[in-house]
Amino acid sequence: MFWLLFVPLIEVQVEFLFKFGEFSNPHGISISPTGEVYVADTGNNSIKKFSSAGKLLAHVTGYGWGELEFDQPYDVDAKRGVAIYVADYNNHRIQRFDKNLNFIATFKGNADDGKFFAFPRSVAVSKFDELFLIDAENVRCVKINKLNQVVKVFGGIEAGQGRLINPIQISISPQNLIVVLDENDVLIYDYYGNFLKRFGLGLFNKPTGVFADSLIFVADGKDVFMFDYDGKKIAKISFGETVRDIAYQNSLIYCLTDKEVLVYKLIFKSDGN
């Protein structure tokens, strides 16, 4: 057990628990409500499912553009538990699987009405089963309803202060706020895509992952920052390896590195108590 830290208001005790997995250039990690861990193993064109203890339970692996195939899967979302969504980057699509990684469906945008997307870099599903994704080609976010209809695009060139420069990852908070990690800062939108605020400019070097819970976690090199929803930095944890993405559940933080998942327990101590 060791201490890493921080700001005067909060100390964070970090205890390493275990590690698991073997990946090649992975980009995304997600945890189901029952604790299963899913990893987008980008370099191996694979989605892998692990138990909460790190045992490999299932995987879908293969390069291509058919069912059960990928061309650089960049992100995975399993937060709803029933369905698993994968941002299949170079295939310009979102693939949907059941919790055991059996294929269900594929969704692509409709170019005929202008509501299309290309190179989806990240995907997140809301508690209303609506999808939010990063459209890297058009530098914006896209909202898709349960009927697989694109109902909103936001963060694009017309967004004013809420315009994205190079969006990297998207996450949805328990309060249904849309949190987007841009190349230099973090932007928050409401559920309907209205811009609320941005913060973090000047703090990051090369951020790669964001996770929205009671706090906002940002992976930046070997550091993980924690913010409240006013954009105030709560803590900064320094790890020994580069963290590509993070997930947090039940006081455990899952750090996806270039080759494996490291699991730590976080203990927050406020005001010296």
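Using my numbering, read the sequence shown as starting at 568 and increasing by one per residue. Cβ coordinates follow ideal geometry from the N, Cα and C atoms, glycine included.
State the Cα-Cα distance for the pair residue i and residue j, rounded to the nearest angstrom.
i, j, result
"isoleucine 745", "leucine 700", "10 Å"
"histidine 659", "phenylalanine 766", "30 Å"
"asparagine 733", "phenylalanine 686", "12 Å"
"alanine 703", "phenylalanine 684", "8 Å"
"isoleucine 813", "alanine 779", "10 Å"
"proline 600", "aspartate 825", "25 Å"
"glycine 610", "phenylalanine 637", "10 Å"
"phenylalanine 569", "glycine 807", "Low confidence applies here, because phenylalanine 569 scores a pLDDT of 42, under 50, leaving its location unreliable and the question unanswered by this model."
"arginine 647", "valine 692", "7 Å"
"tyrosine 815", "isoleucine 834", "13 Å"
"valine 574", "alanine 650", "Residue placement at valine 574 is flagged as unreliable, the pLDDT there being 43, under the threshold of 50; the coordinate-derived value follows with that caveat. If you take the alpha carbons of valine 574 and alanine 650, they lie about 38 Å apart."
"phenylalanine 664", "methionine 793", "31 Å"
"glycine 602", "phenylalanine 587", "14 Å"
"leucine 571", "glutamine 580", "In this prediction, leucine 571 has a pLDDT of 46, which is less than 50 and means its spatial position is unreliable; what the coordinates show is noted afterwards. Using only the alpha carbons, I get a separation of about 7 Å."
"valine 717", "isoleucine 711", "4 Å"
"threonine 809", "isoleucine 755", "25 Å"
"glutamate 589", "lysine 616", "12 Å"
"valine 753", "glutamate 634", "34 Å"
"glycine 769", "leucine 763", "19 Å"
Does the beta-carbon of residue i have 16 or more other beta-carbons within 10 angstroms, so that it is buried, or is it exposed?
i, result
"isoleucine 804", "buried"
"glutamine 742", "exposed"
"asparagine 761", "exposed"
"asparagine 817", "exposed"
"lysine 622", "exposed"
"lysine 713", "exposed"
"leucine 829", "buried"
"glutamate 697", "buried"
"phenylalanine 583", "exposed"
"leucine 748", "buried"
"serine 613", "buried"
"aspartate 644", "buried"
"phenylalanine 695", "exposed"
"glutamine 662", "buried"
"isoleucine 724", "exposed"
"glycine 631", "exposed"
"phenylalanine 585", "exposed"
"serine 738", "buried"
"glycine 722", "buried"
"glycine 676", "buried"
"aspartate 655", "buried"
Assign residue i to one of three DSSP states: helix, strand, or coil.
i, result
"tyrosine 815", "strand"
"threonine 824", "coil"
"threonine 601", "coil"
"glycine 610", "helix"
"glutamine 728", "helix"
"tyrosine 656", "helix"
"leucine 649", "The question names leucine, but residue 649 in the sequence shown is valine. Looking at valine 649 - three-state DSSP - the assignment turns out to be coil, as it is neither helix nor strand."
"lysine 586", "strand"
"phenylalanine 674", "strand"
"serine 618", "coil"
"isoleucine 700", "One point to set straight first is that residue 700 is leucine, not isoleucine, in the sequence displayed. Strand, per DSSP."
"isoleucine 745", "strand"
"aspartate 797", "coil"
"glutamate 578", "strand"
"tyrosine 759", "coil"
"glutamine 662", "strand"
"threonine 809", "coil"
"isoleucine 783", "strand"
Can you give the beta carbon distance from residue i to residue j, rounded, assuming they're within the 8 Å contact cut?
i, j, result
"glutamine 639", "serine 689", "The Cβ separation is near 13 Å, so there is no contact."
"tyrosine 831", "valine 604", "Not a contact, Cβ separation roughly 14 Å."
"tyrosine 641", "alanine 607", "6 Å"
"isoleucine 596", "leucine 823", "4 Å"
"leucine 782", "aspartate 795", "6 Å"
"lysine 800", "glutamate 578", "The Cβ separation is near 14 Å, so there is no contact."
"phenylalanine 674", "asparagine 705", "That pair is no contact at about 16 Å."
Would you verify that the beta carbon of residue i is, or is not, closer than 7 Å to some beta carbon of chain C?
i, result
"glutamate 704", "The structure shown contains no chain C; it is built from a single protein chain."
- prompt: Three or more C-beta pairs closer than 8 Å, one from the stretch 661 to 673 and one from the stretch 619 to 638: is that the case here?
  reply: Cβ pair count under 8 Å is three or more, so yes.
task: Spell out a yes or no on whether the stretch 722 to 730 and the stretch 768 to 777 are touching, meaning 3 or more CB-CB pairs, one atom from each, closer than 8 Å.
output: Contact annotation: the stretch 722 to 730 does not touch the stretch 768 to 777, with fewer than three C-beta pairs closer than 8 Å.
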